[in-house]
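**Q**
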Amino acid sequence: MNDRQKELIRILALHSDGYKQVKELAAELACSEKTVRNDMKAVEDFLQAYPAASLMRKPGLGVRLSIKQDEKSQLFDQLYRSETKSSEDRLLEITYHLLVNDRPVTLTQLADTYFVNKNVIKNDLALIARWLERFNLALISRQRLGHIIEGGELQKRNALARLPELVSSSTGKNKEIINLFPPFEVNTVRQFLKEMQHHFSVLTGNGDFESLLIHALVMIKRTAQRAPIQLDSAEGANVAETEEYGIATWFLKRLERKLRMPFPEEERVYFALHLLSSKGTHHPFKQAKGSGVTEIVDVLTSKLQKLTLIDFSADETLMAGLHTHMEPTISRIRFGFTIQNPLLSEIKKKYPYMFSMVMLALEEVETEYDLTFPEEEAAYLVLHFQAAVERLHKKRNQAKKVLIVCDLGVGMSHLLQAKLEQSYTGFDVIAAVGEWQVEETLEKHTVDLIISTKPLPEVDVPNLVVSPLLEAQDKKRLDEFLQSMENEIQDGQAMDTLVNLLDEEFIYLGVKQEHRFEVVELMAKGLMEKGRVTSHFPHSALARERSSATSIGGGIAIPHAHTEEVHRSTVAMAILAQPLEWGSEQVSIVFLLAIAKEDQAMTKSLIQAISTISEKPEMVYKLTGAGDTTEVMWLLDQ
1 MNDRQKELIR ILALHSDGYK QVKELAAELA CSEKTVRNDM KAVEDFLQAY
51 PAASLMRKPG LGVRLSIKQD EKSQLFDQLY RSETKSSEDR LLEITYHLLV
101 NDRPVTLTQL ADTYFVNKNV IKNDLALIAR WLERFNLALI SRQRLGHIIE
151 GGELQKRNAL ARLPELVSSS TGKNKEIINL FPPFEVNTVR QFLKEMQHHF
201 SVLTGNGDFE SLLIHALVMI KRTAQRAPIQ LDSAEGANVA ETEEYGIATW
251 FLKRLERKLR MPFPEEERVY FALHLLSSKG THHPFKQAKG SGVTEIVDVL
301 TSKLQKLTLI DFSADETLMA GLHTHMEPTI SRIRFGFTIQ NPLLSEIKKK
351 YPYMFSMVML ALEEVETEYD LTFPEEEAAY LVLHFQAAVE RLHKKRNQAK
401 KVLIVCDLGV GMSHLLQAKL EQSYTGFDVI AAVGEWQVEE TLEKHTVDLI
451 ISTKPLPEVD VPNLVVSPLL EAQDKKRLDE FLQSMENEIQ DGQAMDTLVN
501 LLDEEFIYLG VKQEHRFEVV ELMAKGLMEK GRVTSHFPHS ALARERSSAT
551 SIGGGIAIPH AHTEEVHRST VAMAILAQPL EWGSEQVSIV FLLAIAKEDQ
601 AMTKSLIQAI STISEKPEMV YKLTGAGDTT EVMWLLDQ
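Sequential numbering from 1 applies to the sequence shown in the UniProt record's numbering.
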């Protein structure tokens, strides 16, 4: 808008309690009445970003701006800010207004509002559209009308509450989101939440408090706009039996009195569901009849056993934990209620194999029970299964043949041996000798590890120097040493697996596709055309990628599909010409894993090798700069 049009809005806003005739406005603006009428069209377009604001016209009286006080403050701030907003703030605001506005908004309106050209807005909308997909929402462009978001009310609310995730530097962005709501409502909700926190001992974490504050503000906004939430009646009855429902009722009654607006029953259930999902709440959902929790846990565990060749059924700790965790999870999913998982990225990077297997196993659960598990929920399940694997690993840990070297006398040698055997049940101490006996002992016995009280001359056996009293810091160093030994052995075996399965024929250099789905499709079709996989493999790999981005950190992604779709185990590799957005990360190297059913035991080793590469930036750098496929194979084989 130009300066005259901004001044027109300012005049109308300052006199919003009464009407102004067009000739009066023309005199104040020093222009013709026709110009004022034309400017009013621009003003109406601008006001579309403020759902509660509109121009009211009455013959004989003139024109009046109908606007609430809180939106008037936002309006003045928008008109007279001294500098343009950052790209991140602009993204947040545009998305917010699209989500709460039921009227289309044009590129021109947005460009004028944020003082940028249309191409900038087009890029913003493309990014917003991709982000909205995770909530099953679509940004639709209607010819001559503008852009509007289509989708369910619950999905829109979930997106509103998680707006900070839209921008890369989401830390601290909750404040920007909260500032989009009227200060009076923010202060009121904050006050009542603190009272609720005091009376009922809920919301113990600051993150829980801020999250619920945003959800409550969204609920007020949408209720005022007469955009009610739609929830399943059976699930609603289930939630109504919980203590949190009573807390929600207590909270909303206070809001009703303060804001003078009623909240329907569905909003009480909706708010109770948020309380149930907060970390500060420890009351589980009552399992509804026919909820199928036990059956779902059984199907998930059974499928995961087939994929990993690990028997999880005998782990009572795992089964109890899954049942407790799965009940609220299923209720959240059936409501369409999403959660934030601050550990998601870390879990995908630290446990890429288990995350991939859980996502594949969940596909069978989703098909059989008509559920859709988002990756945030899947990541929490990964922790349960990974803990079970580590418990099993401890039981199966093979004894290491250990040689103790100590020149401080027989008594001290025996003391060190006793401390080691007490702390490390997997140690088989073959002898405790002096330094002069080491060479002779190694000739007679196979030794995995030497633990010595003094530095030794060069020996071919891994060795570590500790205090003869084996103090706490010695145990910590020994734990780290043992883990590094295990990792070296596993990494070597894993890299051999990768090199053996990677065929130069399926290494793609300088790939220029613009979307990760296109990269996966290119690689999958290459395998299909050579008969390595079934004709359904590309679809299966894309479906897996759509459910959750397969990036594992370090600029690497590992798309994959079910073993049933593979004729011959093969790994394809793509090195991208430029880093490509892959979920929430940038990826430069893609490994497409096609593992046949008879070879699925090697999947863990394969993913471990790729994970090791992702943790070595210099290796990733060298691979991305490789001149040909021979150099790629040479680098991997080092």
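Heads up, the beta-carbon is just placed ideally off N, CA and C, and yes, glycines get one too.
At which residues does the alpha helix (DSSP H) containing Ala-543 begin and terminate?
**A** Working through the sequence shown from its first residue, we reach residue 543 at position 543. Note, Ala-543: alpha helix (DSSP H), 537-547.
**Q** To the nearest whole angstrom, what separates the beta carbons of Ile-589 and Val-620, a pair I think is in contact under 8 angstroms?
**A** As a first step, residue 589 is located in the sequence shown; it is residue number 589 there, counting from the start. As a first step, residue 620 is located in the sequence shown; it is residue number 620 there, counting from the start. Right, the Cβ-Cβ distance comes to about 6 angstroms (below 8 angstroms), so this counts as a contact.
**Q** Please work out which residues of its chain come closer than 7 angstroms, Cβ to Cβ, to Glu-256, disregarding the five sequence neighbours upstream and downstream, and give them in chain order.
**A** Here residue 256 is taken as the residue at index 256 of the sequence shown, counted from 1. Same-chain partners within the cutoff: Pro-262 and Phe-263.
**Q** Note down the Cα distance separating Pro-342 from Glu-581, rounded to an integer number of angstroms.
**A** Along the sequence shown, read from residue 1 onward, the residue named residue 342 stands at position 342. Along the sequence shown, read from residue 1 onward, the residue named residue 581 stands at position 581. Each residue's Cα considered, the two are about 20 angstroms apart.
**Q** From Arg-222 to Val-269, what does the alpha carbon distance come to, in whole angstroms?
**A** Numbered from 1 along the sequence shown, position 222 holds the residue referred to as residue 222. Numbered from 1 along the sequence shown, position 269 holds the residue referred to as residue 269. Their Cα atoms are separated by approximately 15 angstroms.
**Q** Going straight from the alpha carbon of Asp-503 to that of Thr-570, what length do you get?
**A** Taking the sequence shown and counting its residues from 1, the one referred to as residue 503 is at position 503. Taking the sequence shown and counting its residues from 1, the one referred to as residue 570 is at position 570. Their Cα atoms are separated by approximately 7 angstroms.
**Q** Does the beta carbon of Glu-295 sit closer than 8 angstroms to a beta carbon anywhere in chain D?
**A** Of the chains in the structure shown, none is chain D; there is only one protein chain.
**Q** Can you confirm whether the stretch 214-229 touches the stretch 152-161 when touching is taken to mean that 3 or more C-beta pairs between the two stretches lie within less than 8 angstroms?
**A** yes
**Q** Using CA coordinates, which residue listed in Leu-403, Gly-411, Asp-474 and Asn-117 is at the minimum distance from Val-459?
**A** As a first step, residue 459 is located in the sequence shown; it is residue number 459 there, counting from the start. Selection Leu-403, Gly-411, Asp-474 and Asn-117 evaluated against Val-459 yields Leu-403 as nearest (Cα-Cα).
**Q** Output the boundary residues of the beta strand (DSSP E) element that contains Thr-249.
**A** The residue labelled residue 249 in the question sits at position 249 within the sequence shown. Per DSSP, Thr-249 belongs to no beta strand (DSSP E); it is in the alpha helix (DSSP H), 243-259.
**Q** If distances are taken between C-alpha atoms only, which option among Thr-35, Val-438, Ala-138 and Ala-561 comes closest to Arg-532?
**A** Mapped onto the sequence shown, residue 532 falls at position 532. Of Thr-35, Val-438, Ala-138 and Ala-561, the residue nearest in Cα terms is Ala-561.
**Q** Considering only the beta carbon of each residue, do Gln-109 and Leu-309 sit closer than 8 angstroms?
**A** Here residue 109 is taken as the residue at index 109 of the sequence shown, counted from 1. Here residue 309 is taken as the residue at index 309 of the sequence shown, counted from 1. No, Cβ-Cβ distance for Gln-109 and Leu-309 is not below 8 angstroms.
**Q** What separation, rounded to the nearest whole angstrom, lies between the Cα atoms of Pro-374 and Ala-543?
**A** Locating residue 374 in the sequence shown gives position 374, where the first residue counts as 1. Locating residue 543 in the sequence shown gives position 543, where the first residue counts as 1. Taking the straight line joining both Cα atoms gives about 13 angstroms.
**Q** Return yes when the Cβ of Leu-606 is within less than 8 angstroms of the Cβ of Lys-622, no when it is not.
**A** Numbered from its first residue, the sequence shown carries residue 622 at position 622. Numbered from its first residue, the sequence shown carries residue 606 at position 606. Not a contact, by the Cβ cut-off of 8 angstroms.
**Q** Closest to Glu-618 by C-alpha separation, out of Gly-555, Leu-304 and Met-412, would be which residue?
**A** Indexing the sequence shown from 1 puts residue 618 at position 618. The residue with the shortest Cα to Cα distance from Glu-618 is Gly-555.
**Q** The ligand SAM heavy atoms versus the CB of Gln-417: any closer than 7 angstroms?
**A** In the structure on display, the ligand SAM does not appear, and there are no ligands present to speak of.
**Q** Between Val-520 and Pro-559, how many whole angstroms is the CB-CB distance? I'm expecting something under 8 angstroms.
**A** By one-based count along the sequence shown, residue 520 stands at place 520. By one-based count along the sequence shown, residue 559 stands at place 559. That belief holds up - the Cβ atoms of Val-520 and Pro-559 are roughly 5 angstroms apart, short of 8 angstroms.
**Q** Is Arg-144 helix, strand or coil when you go by DSSP?
**A** As a working note, residue 144 is residue 144 in the sequence shown. Three-state result, Arg-144: coil.
**Q** Restricting to runs no shorter than 4 residues, where is the alpha helix (DSSP H) found entirely within the stretch 493-540?
**A** 516-529
**Q** Arg-260 to Met-56, Cα distance in whole Å?
**A** For the purposes of this step, residue 260 is taken as residue 260 along the sequence shown, with counting starting at 1. For the purposes of this step, residue 56 is taken as residue 56 along the sequence shown, with counting starting at 1. About 25 angstroms.
**Q** Return the chain-ordered ranges of every alpha helix (DSSP H) run that is complete within the stretch 549-621 and spans a minimum of 4 residues.
**A** 603-614
**Q** Here's the rule I'm using: 16 or more other beta-carbon atoms within 10 Å means buried, otherwise exposed. How should Glu-185 be labelled?
**A** Along the sequence shown, read from residue 1 onward, the residue named residue 185 stands at position 185. That one is buried.
**Q** From Glu-421 to Tyr-245, what distance separates their C-alpha atoms?
**A** Counting from 1 along the sequence shown, the entry for residue 421 is found at position 421. Counting from 1 along the sequence shown, the entry for residue 245 is found at position 245. If I take the Cα positions, the gap works out to 54 angstroms.
**Q** Less than 8 angstroms between the C-beta atoms of Lys-303 and Ala-361, yes or no?
**A** Locating residue 303 in the sequence shown gives position 303, where the first residue counts as 1. Locating residue 361 in the sequence shown gives position 361, where the first residue counts as 1. In contact: Lys-303 and Ala-361 (Cβ atoms closer than 8 angstroms).
**Q** Comparing C-alpha positions only, which one of Leu-322, Thr-301 and Gln-483 sits nearest to Phe-312?
**A** Start at 1 with the first residue of the sequence shown, and residue 312 comes out as number 312. Among Leu-322, Thr-301 and Gln-483, the Cα nearest to that of Phe-312 belongs to Thr-301.
**Q** Going by DSSP, name the residue or residues bridged to residue 678.
**A** Residue coverage of the chain in this structure runs from 1 to 638, which leaves residue 678 outside it and unanswerable.
**Q** Give the DSSP-derived three-state secondary structure of Asp-39 in the structure shown.
**A** Here residue 39 refers to the residue found at position 39 of the sequence shown. If DSSP states are grouped into helix, strand and coil, Asp-39 belongs with the helices.
**Q** Report the option in Asp-39, Tyr-19 and Ser-54 whose CA atom is closest to the CA atom of Lys-60.
**A** Here residue 60 corresponds to residue number 60 of the sequence shown, with the count starting at 1. Just to set this straight, residue 60 is Gly in the shown sequence, not Lys. When only C-alpha atoms are compared, the closest one is Tyr-19.
**Q** Less than 8 angstroms between the C-beta atoms of His-384 and Gly-321, yes or no?
**A** Here residue 384 refers to the residue found at position 384 when the sequence shown is read from its first residue. Here residue 321 refers to the residue found at position 321 when the sequence shown is read from its first residue. A contact, by the Cβ cut-off of 8 angstroms.
**Q** Keeping to the same chain, check which residues put their C-beta closer than 6 angstroms to that of Ile-140; ignore five residues upstream and five downstream.
**A** Start at 1 with the first residue of the sequence shown, and residue 140 comes out as number 140. The answer, listed in chain order, is Ile-148 and Glu-150.
**Q** Given that a residue counts as buried once 16 or more other Cβ atoms are within 10 Å of its Cβ, and exposed if not, what is Thr-372?
**A** Start at 1 with the first residue of the sequence shown, and residue 372 comes out as number 372. It is exposed - the Cβ of Thr-372 has fewer than 16 other Cβ atoms within 10 Å.
**Q** Please classify Leu-408 as buried or exposed, where buried requires at least 16 neighbouring CB atoms within 10 angstroms.
**A** Residue 408 sits at position 408 when you count from the first residue of the sequence shown. Looking at its Cβ environment, which holds fewer than 16 other Cβ atoms inside 10 Å, Leu-408 is exposed.
**Q** On the premise that Leu-470 lies in contact with Ala-609, defined as a C-beta separation below 8 angstroms, what is that separation, rounded to the nearest angstrom?
**A** Your numbering for residue 609 matches position 609 in the sequence shown. Your numbering for residue 470 matches position 470 in the sequence shown. With a contact defined as Cβ atoms closer than 8 angstroms, Ala-609 and Leu-470 miss out at about 35 angstroms.
**Q** Taking the alpha-carbon positions, what's the Ala-577 to Met-523 distance?
**A** Counting from 1 along the sequence shown, the entry for residue 577 is found at position 577. Counting from 1 along the sequence shown, the entry for residue 523 is found at position 523. Their Cα atoms are separated by approximately 15 angstroms.
**Q** Would you call Lys-34 buried or exposed, if buried means 16 or more other Cβ atoms sit within 10 Å of its Cβ?
**A** Position 34 of the sequence shown holds residue 34. Exposed.
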